[in-house]
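Peer 1: I'd like to ask some things about the structure below.
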Amino acid sequence: MSAQHLSQTFDVHEELASAPLSGFHLRLALLLAALIVFDGYDTVNPSYAVHYLIPAWKLSPSQGGLLVSSGLFGFLFGAAGHGILADRYGRRSVLLYALSLAAIATVLTPVVGVSLVTFCSIRFVTGVGLGVLMPLATTYINEFAPRRFSNLMPVWGVAFGWALGATLASIAGIYLTPRFGWQFLYFLGALAFPLLAITYTSLPESIRYLALQQRTAEVRELLSKLHPGRRAQYQSSEMRVFPARAGKGSYAALLSPPYRRTSITIWIASSLSLFGVYALTGWIPSVMIQRGENFATGFSFGAIMQIASFLGALLGAYLIDRIGAAKQWMACLWFCGAISMALLAAVNQHIFNLIAVGLAGFGIPGAQFLLNNFTARSYETSIRASGVGAELATGRLGAILGPYIAGLLQQQYHSSRAMFVAVAGTSLLASMAVLTLKTGEPGITPSDPNLLPTASLDRIDEVA
36 MSAQHLSQTF DVHEELASAP LSGFHLRLAL LLAALIVFDG YDTVNPSYAV
86 HYLIPAWKLS PSQGGLLVSS GLFGFLFGAA GHGILADRYG RRSVLLYALS
136 LAAIATVLTP VVGVSLVTFC SIRFVTGVGL GVLMPLATTY INEFAPRRFS
186 NLMPVWGVAF GWALGATLAS IAGIYLTPRF GWQFLYFLGA LAFPLLAITY
236 TSLPESIRYL ALQQRTAEVR ELLSKLHPGR RAQYQSSEMR VFPARAGKGS
286 YAALLSPPYR RTSITIWIAS SLSLFGVYAL TGWIPSVMIQ RGENFATGFS
336 FGAIMQIASF LGALLGAYLI DRIGAAKQWM ACLWFCGAIS MALLAAVNQH
386 IFNLIAVGLA GFGIPGAQFL LNNFTARSYE TSIRASGVGA ELATGRLGAI
436 LGPYIAGLLQ QQYHSSRAMF VAVAGTSLLA SMAVLTLKTG EPGITPSDPN
486 LLPTASLDRI DEVA
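Written out as structure tokens, the structure is:
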């Protein structure tokens with residue numbers, strides 16, 4: 036062979052985006068969905084425990100709201116703090132530590148949480164771990180998703196997992212808590228330990244993170260799994276990584292000129308949206324029982340809302356992948372949720388309640404899943420985890436206030452109507468906020484690596 040070097044360049048971003056959907060993607064989506072099942076289950080189960088704890092501990096509705104919100108305080112710290120760690124030390128190790136913390140704290144909840152103060156304290160610790168899972172899973176799946184399935188794959192891996200976990204919490208609340216007590220909801224969290232072992236042995240590191248860290252052998256191996264026909268080319272290549280414009284894990288970079296407007300708008304929309312998501316998640320079962328539904332039916336409203344949220348996210352993701360217009364679809368879903376809340380405040384009738392709660396789930400959390408994915412695609416690799424973490428951390432401010440203010444409004448007005456009006460208002464504002472985003476192409480903000488020539492380019496140069 037001639038000593039002359041013939042160079043062929045592989046763009047890691049393009050290799051990931053152009054990969055055919057394969058068993059590797061399906062296994063990754065299934066594993067991440069299983070992690071988010073635990074997240075959804077553990078996040079929602081206080082909504083079913085509070086029904087028992089309010090009379091047992093003689094709590095006011097506002098204290099019940101604090102009980103539901105306590106874990107969300109931890110979520111804020113987990114979501115905010117994990118981004119810098121994940122961007123610097125890798126997604127995989129941070130996710131494993133977070134899952135371990137959440138699993139241990141969940142199992143300890145019925146042992147330690149014997150009063151409002153101790154329950155809220157252990158839920159805070161649990162929330163720190165859980166606060167890492169959703170944003171990091173979103174980051175993971177967006178980095179591996181092929182271009183043709185860039186919205187559908189995250190929905191199946193994240194939205195489906197969360198909806199399934201929340202639905203399982205509802206089923207456990209209906210059928211197990213009357214027999215075994217609210218404590219059993221948390222003892223079931225021990226199922227996370229086998230999941231931890233599976234994750235440890237099966238979860239790969241992010242290819243883009245590995246590329247930035249110059250871990251070339253691992254990059255070649257993972258790319259070979261995505262493109263088996265190019266294995267020989269990858270193995271004989273030299274990899275060059277051009278430095279990212281933003282510092283690793285830098286939250287200041289999220290407010291730099293190319294990202295500032297996008298970041299602030301996303302944070303506002305997330306806070307408004309998660310106010311409604313967690314106000315409803317925390318109170319729908321109890322509120323529906325107060326509105327005249329029986330115990331099993333009242334608790335089943337939570338499952339209806341979660342199933343509908345997945346359907347809303349699935350439809351939105353499909354439409355965005357096919358025709359774009361991400362911000363318009365998110366706005367439509369939030370508007371749908373706002374209308375359903377306003378109508379629910381005006382009418383209390385069984386069939387109408389079922390339809391309205393289903394539409395609320397379809398619209399409000401459904402749009403939130405799309406926003407999470409939109410956020411992940413709005414930042415370059417070196418700050419992507421920080422970007423998603425910042426979105427969900429600022430959003431947790433709304434999530435924390437949602438259950439507490441919902442309880443306070445019920446206490447003040449002795450009715451659920453004011454709560455529904457408040458959720459309608461925040462959903463309408465989220466719809467308006469997201470429409471102000473400027474996008475360079477359908478479903479992608481101008482700060483996407485495809486659109487910024489100064490963003491990092493991960494390349495593999497083949498030497499023949």
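All you need for the working numbering is the position in the sequence shown, starting with 1, plus 35. We put the beta carbon where it would ideally sit given N, CA and C, even for glycine.
Would I399 be called buried (16 or more neighbouring beta carbons within 10 Å of its own) or exposed?
Peer 2: Burial call: buried.
Peer 1: From W318 to R62, what distance separates their C-alpha atoms?
Peer 2: Cα to Cα, W318 sits roughly 35 Å from R62.
Peer 1: Less than 8 Å between the C-beta atoms of L245 and A172, yes or no?
Peer 2: No, they are not a contact pair.
Peer 1: DSSP three-state label for P55, please.
Peer 2: Coil at P55, not helix or strand.
Peer 1: Taking only three categories from DSSP, how would you classify A38?
Peer 2: Reliability of the predicted coordinates at A38 is poor, the pLDDT of 38 falling under 50, and the value obtained from them is presented with this limitation in mind. If DSSP states are grouped into helix, strand and coil, A38 belongs with coil.
Peer 1: Evaluate A288 with the Cβ neighbour count: other Cβ atoms within 10 Å of its Cβ, from every protein chain shown; 16 or more gives buried, anything less gives exposed.
Peer 2: So A288 ends up on the buried side.
Peer 1: For the segment 48-59 and the segment 171-189, state whether three or more C-beta atom pairs, one from each stretch, are separated by less than 8 Å.
Peer 2: Yes: the two stretches touch, three or more of their Cβ pairs being nearer than 8 Å.
Peer 1: Helix or strand or just coil, what does DSSP make of G224?
Peer 2: In this structure, G224 counts as helix in the three-state DSSP scheme.
Peer 1: Within the same chain, show all residues whose beta-carbon is closer than 6 Å to that of G393, passing over the 5 residues directly before and after it, in chain order.
Peer 2: Closer than 6 Å at Cβ, skipping near neighbours: I339 and A343.
Peer 1: If you pair each beta-carbon of the segment 110-123 with each one of the segment 425-437, do three or more pairs fall below 8 Å?
Peer 2: Verdict: yes, contact present.
Peer 1: Whole angstroms is fine: what's the gap from A138's alpha carbon to L231's?
Peer 2: Taking the straight line from one Cα to the other gives about 9 Å.
Peer 1: What number of angstroms, rounded off, separates the C-alpha of A279 from the C-alpha of A115?
Peer 2: Annotation note: pLDDT 49 at A279 (below 50); position unreliable, coordinate value reported separately. If I take the Cα positions, the gap works out to 21 Å.
Peer 1: Take the Cβ of Q403 as the centre, count every other Cβ of all protein chains shown within 10 Å, and call the residue buried at 16 or more, exposed below.
Peer 2: Buried: at least 16 other Cβ atoms inside 10 Å.
Peer 1: Need the endpoints of the alpha helix (DSSP H) that H117 sits in, please.
Peer 2: Unbroken alpha helix (DSSP H) run through H117: P96 to Y124.
Peer 1: What distance in whole Å lies between the Cβ atoms of A133 and G164, which are believed to be in contact at a cut-off of 8 Å?
Peer 2: About 5 Å; that satisfies the 8 Å criterion.
Peer 1: Span of the alpha helix (DSSP H) holding A373?
Peer 2: Taken as a continuous stretch (DSSP letters only), the alpha helix (DSSP H) holding A373 covers A361 to A381.
Peer 1: If you check the beta carbons only, do L258 and I242 fall under 8 Å apart?
Peer 2: Cβ atoms of L258 and I242: closer than 8 Å.
Peer 1: How many Å lie between G327 and N383 at the Cα?
Peer 2: Between G327 and N383, the C-alpha separation is close to 9 Å.
Peer 1: Nearest-angstrom Cα distance between A121 and Y235?
Peer 2: Cα to Cα, the separation comes out at about 16 Å.
Peer 1: Roughly how many angstroms lie between the CA atoms of T297 and Y313, to the nearest whole one?
Peer 2: Going by the C-alpha atoms only, they are around 24 Å apart.
Peer 1: Going by alpha carbons, who is nearest to L130 out of R265, N80, E240 and W302?
Peer 2: Among R265, N80, E240 and W302, the Cα nearest to that of L130 belongs to E240.
Peer 1: Taking 8 Å as the threshold, find out whether the segment 204-215 comes into contact with the segment 189-196 through three or more Cβ pairs.
Peer 2: Segments in contact, no.
Peer 1: Nearest to I324 by alpha carbon, out of S82, F73 and L51?
Peer 2: Checking every option, the nearest Cα to that of I324 belongs to S82.
Peer 1: Note down, in chain order, each residue of its chain lying with its Cβ closer than 6 Å to the Cβ of F345, except the 5 sequence neighbours on either side.
Peer 2: Only A194, F195 and A198 meet the Cβ criterion.
Peer 1: Over the uninterrupted alpha helix (DSSP H) stretch that includes H262, give me the two end residues.
Peer 2: Premise fails: H262 is in no alpha helix (DSSP H) and is neither H nor E.
Peer 1: Within 10 Å of its beta-carbon, does T502 have 16 or more other beta-carbons around it, so buried, or fewer, so exposed?
Peer 2: Since the displayed the chain opens at 36 and closes at 499, residue 502 lies outside it and no answer follows.
Peer 1: Y448: buried (16+ other C-beta within 10 angstroms of its C-beta) or exposed?
Peer 2: Y448 is exposed by the Cβ-count criterion.
Peer 1: On the three-pair Cβ rule with 8 Å, is the segment 84-101 touching the segment 443-458?
Peer 2: A contact exists between the segment 84-101 and the segment 443-458.
Peer 1: Look at the Cβ atom of V469, then the Cβ atom of A304, and state whether they are nearer than 8 Å.
Peer 2: It is a contact, given that the beta carbons lie within the stated cut-off.
Peer 1: Return yes when the Cβ of L378 is within less than 8 Å of the Cβ of A391, no when it is not.
Peer 2: Yes, the pair counts as a contact, with Cβ atoms nearer than the cut-off.
Peer 1: Restricting to Cα atoms, I'd like to know which of M454, S128 and P293 is closest to T316.
Peer 2: Cα-wise, what sits closest to T316 is M454.
Peer 1: Give a yes or no on whether the C-beta atoms belonging to G162 and F154 are separated by under 8 Å.
Peer 2: Not a contact, by the Cβ cut-off of 8 Å.
Peer 1: Does the Cβ-Cβ distance between F201 and Y76 come in under 8 Å?
Peer 2: A quick correction: the sequence has Ala, not Phe, at residue 201. Yes, Cβ-Cβ distance for A201 and Y76 is below 8 Å.
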